[in-house]
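Everything below concerns the one structure shown next.
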Amino acid sequence: MSTVLTSRLPPGPKPRYPLAHLFAFRKDSIGFLKNLAEQYGDIAHFTIGPLRIVLLNHPDYIREVLTTQQSAFIKGRPLQMVRSLLGEGLLTSEGEVHKKQSRLIQPAFHRNMLDGYAPGIVRNIQHTLADWRDGQLVEMKEAMTEMSIAIAGSALFGVDVHQSVPEINRALETATGLFGRIPLPFAEHLLKLPLPGTRRFLSAKARLDHILRKMIAEREKGNNDNGDLVSLLLRASRETGDEGMSRQQVRDEAITLFLTAFDTTSTALTWTWYLLSQHAGAEAALHRELDTVLQGRLPVAADLPNLKYTRMVFGESLRLYPPSYLVPRQAAQWVTIGGYSFPAGTIVLISPYLIHHDARFRANPETFDPVAWGQHAQGQRAKYEYFPFSRGPRSCIGEPFAWMQGVLVLATIASQWRLRMMPGHPVALQPLINLRPRYGMKMILEKRQPSHVGG
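Numbering (numbering that gives the first Met the number 0), first residue to last: 0 to 454.
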């Protein structure tokens with residue numbers, strides 16, 4: 000006897016006119032989802048054309064999607080546009096392909112490997128600081144982006160990529176501009192049309208492919224295993240049998256990690272500098288720790304366990320401004336969550352931003368409080384109340400690297416500089432593929448001298 004399943008969709012608004020929800024979502028996605036949760040509760044649904052979309056706004060439901068029932072979900076349609084740039088990298092691949100890639104790449108983020116990346120990270124930070132001058136006006140989003148690309152190049156390829164950074168930056172900016180189409184019905188078909196945006200995207204993708212394939216070829220020709228990620232991937236590609244990784248897969252993983260550096264890490268750091276500029280007490284506490292631990296020298300990997308407050312600052316910034324503010328999934332089969340059932344093809348949205356700002360899960364959620372983060376983050380992570388890098392089997396494999404980079408960047412720069420907002424500079428959210436500052440982040444540099452505690 001077969002069982003007939005019927006949808007029991009959660010409550011939600013009916014569009015006043017066709018595609019009304021699309022226009023509202025594109026205008027202010029965070030505001031739209033926040034209003035949806037406030038009006039309809041922790042599980043709600045809306046439609047965009049033929050797309051059925053469910054918003055989950057409670058940690059218990061989020062655990063179901065990311066862990067308990069994770070096999071019932073795929074990345075699916077929401078990442079079709081991203082796949083057109085990244086190929087079958089870790090971010091976009093599914094099933095056995097993803098498991099194999101994770102198995103091959105995971106060793107690059109083990110603790111012993113991470114410590115080996117630290118000198119290159121600090122060296123690239125210092126390269127950025129070499130051009131800074133007291134009183135200079137700096138666009139911090141741009142500075143953090145170019146620095147993060149250079150750091151990714153060092154860790155990925157074990158080579159200096161500074162000469163290619165501006166071109167990589169421009170190409171990624173152009174290519175990711177197309178990701179704004181993701182909410183559009185039938186967006187995956189737009190790449191087949193000769194639209195101006197499509198032509199710009201394909202041109203940028205070709206430039207990135209040329210740069211990356213050239214770097215990979217040079218690393219392969221050098222025949223040296225420098226402990227960088229591409230060395231690990233190339234070693235995997237030389238293996239025989241099913242475990243090998245093709246050159247195309249090496250390219251896909253490399254561009255995936257470049258994209259992470261380009262947008263995710265740089266955005267997180269930009270918001271952190273903004274928060275420190277607005278909270279003198281937290282900035283002073285950070286300086287005290289850095290002066291005590293570093294004594295005026297540059298940080299090394301061995302300092303990381305002692306930079307506790309620095310980590311709290313970065314963690315609290317990730318709570319208030321999680322770059323990956325929206326985690327989409329697509330049901331691959333019938334799913335029941337919270338007493339509601341929906342069929343395969345349903346898009347499920349999870350928002351770390353909404354959960355992180357929910358007063359049910361964090362007292363004074365709008366307040367920047369690194370100490371409170373240090374007290375509660377571990378428990379909140381276990382309860383799915385804090386997840387800036389997602390959770391479960393599909394969580395960000397590079398999370399340990401992102402934490403290390405974030406702490407080292409804060410330690411290196413804040414030990415030498417204070418950053419102040421340019422008077423009158425507007426600050427607002429721009430939720431694209433990541434949660435960027437809409438108007439960039441123009442800041443004024445102030446040189447500082449470390450206080451040599453006990454010296």
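Backbone N, C-alpha and C define an ideal beta-carbon position, used for all residues, glycine too.
All figures in this text were calculated on a predicted structure; none of them were measured in a lab.
Are there 16 or more other CB atoms within 10 angstroms of the CB of residue i, so buried, or fewer, so exposed?
i	result
Gln105	exposed
Phe22	exposed
Gln415	buried
Thr91	buried
Pro58	buried
Asn56	buried
Thr263	buried
His209	exposed
Glu145	buried
His109	exposed
Ser153	buried
Val426	exposed
Arg169	exposed
Arg250	buried
Pro298	buried
Between residue i and residue j, is the Cβ-Cβ spacing less than 9 Å?
i	j	result
Tyr383	Arg393	no
Pro84	Ile215	The amino acid occupying residue 84 in the given sequence is Leu; Pro does not appear at that position. Contact flag unset, no.
Phe261	Leu201	no
Glu87	Gln248	yes
Leu103	Leu232	yes
Val229	Leu155	yes
Tyr273	Pro430	no
Gly338	Asp41	no
Val334	Phe45	no
Leu407	Ala107	no
Glu288	Leu319	no
Arg447	Arg419	no
So residue i and residue j are supposed to be a Cβ contact under 8 Å. How far apart are they, rounded?
i	j	result
Leu136	Lys441	6 Å
Phe257	Ile148	7 Å
Ile349	Val64	6 Å
Thr269	Met139	5 Å
Asp227	Gly134	Not confirmed; about 37 Å, so no contact.
Ser265	Met403	Incorrect: roughly 15 Å between the Cβ atoms, too far for contact.
Val121	Thr345	Not quite, the Cβ-Cβ distance comes to about 46 Å (not below 8 Å), so this is no contact.
Arg7	Ser340	5 Å
Leu285	Ala413	6 Å
Ala410	Leu293	7 Å
Leu303	Ile29	Their Cβ separation, rounded to whole angstroms, is 32 Å, which puts Leu303 and Ile29 out of contact at 8 Å.
Quick one: what's got a C-beta closer than 6 Å to residue i's C-beta in the same chain, skipping five residues either side?
i	result
Glu398	Phe388
Lys13	none
Val326	Ile349 and Ser389
Tyr39	Pro10 and Gly11
Gly405	Phe313
Sorted by chain position, which residues of the same chain lie with C-beta nearer than 7 Å to residue i's C-beta, five sequence neighbours on each side aside?
i	result
Asp27	none
Pro321	Pro351, Tyr352, His355, Pro387 and Leu434
Pro369	Ala281, Tyr308, Met311, Val312 and Glu315
CB-CB under 8 Å to residue i, same chain, minus the five flanking residues each way: which ones, in chain order?
i	result
Met421	Leu136, Lys441, Met442 and Ile443
Val81	Leu90, Thr91, Phe178, Ile181 and Ile432
Gln68	Val334 and Ile336
Gln377	none
Give me whichever residues DSSP pairs with residue i in a beta bridge.
i	result
Val53	His44 and Val347
Ala253	In the DSSP output, where bridge partners are listed per residue, Ala253 has none listed.
Thr335	Ser340
Gln429	Arg435
Arg417	Glu445
Ile73	Gln329
Leu89	Leu89 pairs with nothing; no bridge assigned.
Glu138	Lys441
So is the beta-carbon of residue i under 8 Å away from any non-hydrogen atom of the ligand HEM?
i	result
Ala205	The ligand HEM is absent from the structure shown, which contains no ligand whatsoever.
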